[in-house]
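Heads up, the first sequence is in my numbering, so the first residue is 62 and it goes up one at a time. Glycine is no exception: its CB is placed at the ideal position from the N, C-alpha and C atoms. Accompanying notes for the structure given below.
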Amino acid sequence: MKVSLPDGSSRDLPDGATAGDLAASIGRGLAKAAVAAVVNGAQADLGRSLHEGDEVAIVTSNTEEGRYVLRHSTAHVMAQAVCDLFPGAKYAIGPPIDDGFYYDFDLPDGGRFSDDDLGRIEVRMREIVGEDQPFVREELSRDEGLARFADQPFKVEIIEGVDPDEGAVGTAVSVYRNVGWADLCRGPHVPSTSRLGSFKLMKVAGAYWRGDEKRPMLQRIYGTAWESDKALAEHLHRLEEAERRDHRKLGLELDLFHFPPEIGGGLPVFHPKGGLVRKLMEDFSRDEHEAAGYSFVWTPHLAKSTLFETSGHLQWYADGMYPPMEMEGATYYPKPMNCPMHMLIYKSQSRSYRDLPMRLFEFGTVYRFERSGVLHGLTRVRGITQDDSHIFCAPDQLAGELSSLLAFVLKILRTFGLTEFEAELATRPEKFVGEPAEWDQATEALGDALEGAGISYKVAEGEGAFYAPKIDIHVRDAIGRRWQMSTLQVDFQLAPRFDLEFVGADNTRHRPFIIHRALFGSVERFFGILIEHYAGALPAWLAPVQARVLPVRADHEEYAASVLGQLKAAGIRADVAEADEPLGGRIRKAKLEKLPYVLVVGDSDVEAGTVGVNPRGGEVERDVPVGTFVGRLRDEVTSRS
RNA sequence: GCCGGUGUGGCGCAGUCCGGUAGCGCAGGCGACUUGUAAUCGUCAGGCCGUCGGUUCGAAUCCGACCACCGGCUCCA
């Protein structure tokens, strides 16, 4: 028989050959790396028999698809090991995920896994791997499946729910069997447990069955699995790197901010250095907004309940709001968003088409009641300063506003060293407000803006908020992590709710379109992400201290002071570390503080009016004239490089 | 909010299982050293052991509640 390959070529195979045979016929390397196949567009085991005319692609272990197969199979082995070690354990689901896998269990008598158990389970897993147990696929009828898993309530529920992702399709279910253990599973799996091995169990956590907090809490074990020990080691190294960059740790070490328990969870205070960085970020943002035609506004932190009734927040967002305060017969709430207040500014006068587009901007601090378990450093807080803007425009201005807005957003993010973007265009969900024609216009305008900006994006059908389509911009940081950052939303709801209008050139009243947009998202969160992106080593324009002058001996201190004076006169943030401890120690401290420049001054410098420049991450350069250094650093700061 | 873990000077940790009035390193003060590119030496001071309550002759240690943090789940108009 003949089968065709992804490169368009075809290959002759004996009748009855499997996908694994095909891989072997192509080459030993491929056979070794193969973990599964895609036959006519559907994933299949390597043991699957092929037929005349099949289109076959071999899935190798060093691809995302291949790793998912490995991880899925490793999850099975883990569940098998748990069932061996914890008789009576009920197993729920165990899918592959980014970087690894997990499996959820219900242990007898409400048992819990301890960290020591992870080691025992891992040992048993390695035994199973060593036993080279084949993964055998079986197809059962629904009734056979129910009988087979009669003592596994979660599996019974999956079969009854006919969830194709979990191996139950229509009236048939598929099962993968190892020696003495079987799981309901769609597959595919590796041919045998011996193909696994580069894995590690990471942590145990609670997880609700079906992700539903009203259902039982199961015990989840997370693991990671890779195609080779090398890839596993690299992954573990990436985790260490992420830990090294953790903004919560760096925030303390660099004296930027902290979370006083006396204030409460999710409510940070910024220290002088952190406050300075924050000011630099905000000043930059303000300057850019001013240049881009925004008007600055300021709104209070509290408002009467009636405002949030008008805006709809009490109807839709009450769970995220802080509880009300009763004052002089009225009920006040801390604001969870700035938009209602901005609507009132628009509404304070009658507006003409000549006023549009009207772009209101503020750093507005809002308060959101985040459940205690979700707080996470600066990236998830309860007091959020949004760089918030609402743009009011005529319908025919929407497309132009969106595309210039998108360019503006990208320009600002790039300045912070974020250069990899991925956007999502979220379109109309099933439940929505407004007219389909408006949705189509706005969605098209958003799509055009994305096309114009030339960034890659995907369409998330039906993922929009009920009131508007939106663009979410994700960035990749220096170690490749993806963060959701800016959001651009077109809102159809607020203008009618607040009865906003403008008088058009035709002298009749029209509804404006409103674009909501946050660029940093939240200043606090952006700050945290930046710290991690730069691993605390902020570029010179953002560094709280840009340069430190170190006199070699005490008798150089007078000269050091004059250098400091010159730096300060040039607007450079600098200080001096006097010679009361050895130079090496002072350099070490400056390096730990991640200062961009250390300037050492000794005899030759006093004589020649120079400094020794020790840049962060670079080579020492001696005998640099002070003026030359100042010029270079000023250029670096001005260009924000 | 739920599951599991943690909470000891500014920071990082030991002591907790087997109750008997707290220890180390860094940082800080003081003194000496006067140093050319990642840790100079000595000395001093600093903690009612997250909070509140309970058991006990006696609690950092055992029990309970609460608070905060960490890892997840959930949520993310």
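Alpha carbon of Asn-399 to alpha carbon of Ser-465, nearest angstrom:
22 Å
Whose CA, out of Glu-642, Gly-191, Leu-603, lies closest to the CA of Arg-695?
Leu-603
Which residue from Phe-422, Pro-384, Glu-314 puts its Cα closest to that of Leu-653?
Glu-314
Under a three-way DSSP split, which group does Phe-196 fall into?
coil
Residue nearest to Ser-134 in terms of C-alpha spacing, selected from Phe-166, Asn-568, Met-186, Arg-683:
Met-186
Exposed or buried, Trp-500, counting other C-beta atoms within 10 Å across all chains shown (16 or more means buried)?
buried
What are the partner residues of Ala-635, as DSSP defines its beta bridges?
Ala-608
Bridge partners - Gln-280, DSSP secondary structure assignment:
Phe-166, Gly-267
Helix, strand or coil: which one does DSSP assign to Glu-483?
strand
Please report the straight-line C-alpha distance between Ser-583 and Thr-254, rounded to a whole angstrom.
47 Å
Residue range of the unbroken alpha helix (DSSP H) whose run includes Asp-290
290 to 305
When Asp-316, Tyr-620, Gly-434, Ile-633 are compared against Ile-592, the one with the closest alpha-carbon
Asp-316
Going by DSSP, name the residue or residues bridged to Leu-245.
Val-236
Within 8 Å, do at least three Cβ pairs link the region 335 to 344 to the region 616 to 629?
no
Quick one: complete beta strand (DSSP E) runs, 3+ long, within the region 378 to 449?
386 to 388, 391 to 395, 419 to 428
Could you tell me the distance, in whole angstroms, from the CA atom of Ile-324 to the CA atom of Phe-588?
20 Å
Let me check understanding here. Comparing Cα to Cα, which of Thr-548, His-577, Glu-481, Glu-524 lies closest to Arg-542?
Glu-481
Among Glu-192, Arg-238, Glu-183, Leu-168, nearest to Leu-201 - alpha-carbon criterion:
Arg-238
I'd like the list of long-range same chain contacts for Pro-277, defined as Cβ closer than 6 Å, with 5 residues on each side in sequence excluded.
Trp-270
Could you give the first and the last residue of the continuous beta strand (DSSP E) run that contains Glu-682?
682 to 686
Do Ala-80 and Ala-105 have their beta-carbon atoms positioned less than 8 Å apart in this structure?
yes
With DSSP as the reference, please indicate the residues paired to Phe-318 in a beta bridge.
Phe-331
Taking 7 Å as the limit between beta carbons, can you name the residues of its chain near Ala-498, skipping five residues before and five after?
none
Under the assumption that Val-672 contacts Val-662 (Cβ atoms under 8 Å), give the Cβ distance between them as a whole number of angstroms.
6 Å
Does Gln-550 come out as helix, strand or coil in the three-state DSSP assignment?
strand
Leu-300 classed as buried or exposed, judged by whether at least 16 other C-beta atoms fall within 10 angstroms
exposed
What's the call for Ser-122, buried or exposed, on a 16-neighbour Cβ count within 10 Å?
buried
May I have a chain-ordered list of the beta strand (DSSP E) segments no shorter than 3 residues that lie completely inside the region 94 to 138?
95 to 100, 103 to 105, 117 to 121
Using beta-carbon positions only, say whether Arg-247 and Tyr-163 come within less than 8 Å of one another.
no
Where Gly-434 and Phe-320 are concerned, what is the direct C-alpha to C-alpha distance, given to the nearest angstrom?
15 Å
With 16 other Cβ atoms within 10 Å as the buried cut-off, status of Phe-357
exposed
Could you tell me which whole alpha helix (DSSP H) segments of length 4 or greater appear in the region 495 to 544?
497 to 514
Answer with buried or exposed for Val-681, where buried requires no fewer than 16 other C-beta atoms within 10 angstroms of its C-beta.
exposed
If you reduce the DSSP assignment to three classes, tell me which class Asp-73 lands in.
strand
Taking the alpha-carbon of Ile-445 as reference, which of Phe-453, Gly-523, Glu-431 has the nearest alpha-carbon?
Glu-431
Name the one or two DSSP bridge partners that Phe-563 has.
His-571
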